[in-house]
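Colleague: Numbering (the working numbering), first residue to last: 4 to 310. Just so you know, even glycine gets a beta-carbon here, dropped at the ideal spot from N, CA and C. Predicted, not measured: the structure shown is a model, and the values here were computed from it.
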């Protein structure tokens with residue numbers, strides 16, 4: 004059945020505070036520019052401060068009036084996540100939107116975060132989980148807060164390996180990536196259920212960019228090696244540009260019609276390209292018992308409780 008394209012309206016975002024993780028490149032950079040252009044105060048949360056400064060300067064060169072604040076945040080380090088949250092809490096300003104965008108894709112060899120977690124599960128799921136929980140007081144202080152979790156087409160074949168979450172017994176680069184992206188979708192849906200139950204007044208939405216040409220496609224699977232000319236040509240041919248890839252997340256973050264607990268992605272064939280539309284939710288993401296189990300294990304691993 005054909006899925007209808009959802010018209011995107013970006014409202015005036017003046018005085019809205021929006022945190023974008025992984026804001027120095029790719030989707031995060033594109034989202035930061037679009038949000039700032041609409042008047043938002045964008046907190047660009049980046050792991051590499053030097054790259055973050057360069058990204059901020061590029062955006063300011065295009066729009067000198069943009070309100071762009073740079074903050075260091077390494078989602079592979081829970082101490083860094085807590086430090087970011089502590090600074091935000093000390094400042095006291097409500098957060099209107101948190102876009103959990105940063106991620107890592109399919110490193111060939113198993114790697115660990117600073118806390119000993121498998122790198123993809125730790126960076127893509129546990130880090131954003133902890134960040135959201137720690138920032139919950141500031142989100143709840145906003146009038147109509149939203150949390151956007153970034154999924155992926157890779158979530159469709161994913162499964163949560165509860166008996167080996169950290170890939171200690173066996174490691175598959177794409178299997179671990181799919182698990183982390185499925186966890187993102189499950190987290191978004193469970194967060195909405197808990198918000199409804201506990202009356203947090205929080206809108207939790209997931210979105211995926213389809214096939215978007217970003218450096219994420221290179222830095223993980225290729226170990227950081229640049230694509231050759233043929234590889235660049237294939238990427239350009241089969242994937243959409245960042246300007247299109249950000250649209251589902253942008254819709255989830257600011258459009259008045261974005262629905263709590265929904266999942267958005269590109270409208271086109273296999274959800275690879277196109278305007279925002281309702282995305283296919285992996286059947287395994289709908290299992291409530293698994294979502295509850297994943298949430299409880301995430302709390303135990305991170306030490307972060309949503310209160």
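#1: Could you give the DSSP three-state label for residue 305: helix, strand or coil?
#2: Enumerate in chain order the residues of its own chain whose CB-to-CB distance from residue 233 is below 8 angstroms, with the five nearest sequence positions on each side excluded.
#3: Closest by CA to residue 76, which one among 60, 15, 126?
#4: Is the separation between the beta-carbon of residue 22 and that of residue 41 shorter than 8 angstroms?
#5: Does residue 251 pass the burial test, meaning 16 or more other C-beta atoms within 10 Å, or should it be called exposed?
#6: Rounded to whole angstroms, how far is the Cβ of residue 105 from the Cβ of residue 31, which I believe are closer than 8 angstroms?
#7: In the segment 99-147, which residue ranges form an unbroken alpha helix (DSSP H) of at least 4 residues, counting only runs that do not cross its ends?
#8: Of the choices 178, 211, 68, 79, whose alpha-carbon is the least far from that of residue 245?
#9: Tell me which residue opens and which closes the beta strand (DSSP E) that residue 268 is part of.
#10: Rounded to whole angstroms, what's the CA-CA distance from residue 148 to residue 168? Just pull it up for me.
#11: Please tell me whether residue 270 and residue 277 are closer than 8 angstroms, where the distance is taken between their beta carbons.
#12: Output needed for residue 225: all residues of its chain with C-beta closer than 6 angstroms, excluding positions within five of it in sequence on either side, in chain order.
#13: Start and end of the alpha helix (DSSP H) containing residue 252?
#14: Assign residue 21 to one of three DSSP states: helix, strand, or coil.
#15: For the beta strand (DSSP E) that residue 74 lies in, which residues bound it at each end?
#16: Using the Cα positions of residue 310 and residue 136, report the straight-line distance between them to the nearest angstrom.
#17: Just curious, the alpha helix (DSSP H) that residue 92 is in, first and last residue?
#18: With DSSP run on the structure shown, which of helix, strand or coil describes residue 207?
#19: Measuring only the C-alpha atoms, how far is residue 295 from residue 67?
#20: Is the distance from the Cβ of residue 209 to the Cβ of residue 181 below 8 angstroms?
#21: Hey, residue 37 and residue 253 are a contact pair by Cβ (cut 8 angstroms); roughly how many whole angstroms apart?
#22: Count the other CB atoms within 10 Å of the CB of residue 175; is the residue buried (16 or more) or exposed (fewer)?
#23: How would you call residue 297, buried or exposed, if buried means at least 16 neighbouring beta carbons within 10 angstroms?
#24: Does DSSP put residue 7 in a helix, a strand or coil?
Modeller: The answer reads as follows:
#1: In the structure shown, residue 305 sits in a helix (DSSP, three-state: H, G or I).
#2: Low per-residue confidence applies at residue 233: pLDDT is 45, beneath 50, and the placement is therefore not dependable, though the value from the model is reported in the following sentence. A distance below 8 angstroms between beta-carbons, with the five flanking residues on each side excluded, links residue 233 to no residue of its chain.
#3: Selected option, being the one with the closest Cα: 126.
#4: Their beta carbons are not under 8 angstroms apart, which means residue 22 does not touch residue 41 by this criterion.
#5: Under the 10 Å beta carbon count, residue 251 is surrounded by 16 or more other beta carbons and is classified as buried.
#6: Correct: roughly 7 angstroms between the Cβ atoms.
#7: Counting only runs of 4 or more, we get 130-143.
#8: Taking only the C-alpha atoms, the option nearest residue 245 is 211.
#9: Where residue 268 is concerned, the enclosing beta strand (DSSP E) stretches over 266-269.
#10: The straight-line gap from Cα to Cα measures roughly 30 angstroms.
#11: Yes; because the gap between Cβ atoms is below 8 angstroms, this pair is in contact.
#12: At residue 225 the pLDDT is 46, less than 50, meaning the model places this residue with poor confidence; the figure from the coordinates comes in the next sentence. Taking C-beta separations shorter than 6 angstroms and ignoring five residues to either side along the sequence, residue 225 has no partners in its chain.
#13: For residue 252, the enclosing alpha helix (DSSP H) covers residues 250-257.
#14: For residue 21, the secondary structure class from DSSP, reduced to helix, strand or coil, is strand.
#15: Secondary structure note for residue 74: its beta strand (DSSP E) is the uninterrupted segment 70-75.
#16: Each residue's alpha carbon lies about 8 angstroms from the other.
#17: For residue 92, the enclosing alpha helix (DSSP H) starts and ends at 81-94.
#18: For residue 207, the three-state secondary structure derived from DSSP is strand.
#19: Whole-angstrom Cα-Cα distance: 45 angstroms.
#20: Cβ atoms of residue 209 and residue 181: not closer than 8 angstroms.
#21: The C-beta separation of residue 37 from residue 253 comes to about 6 angstroms, placing the pair in contact by the 8 angstroms criterion.
#22: That one is exposed.
#23: Of the residues assessed, residue 297 falls on the buried side of the cut-off, its CB having 16 or more other CB atoms within 10 angstroms.
#24: Residue 7: coil per DSSP, three-state reduction.
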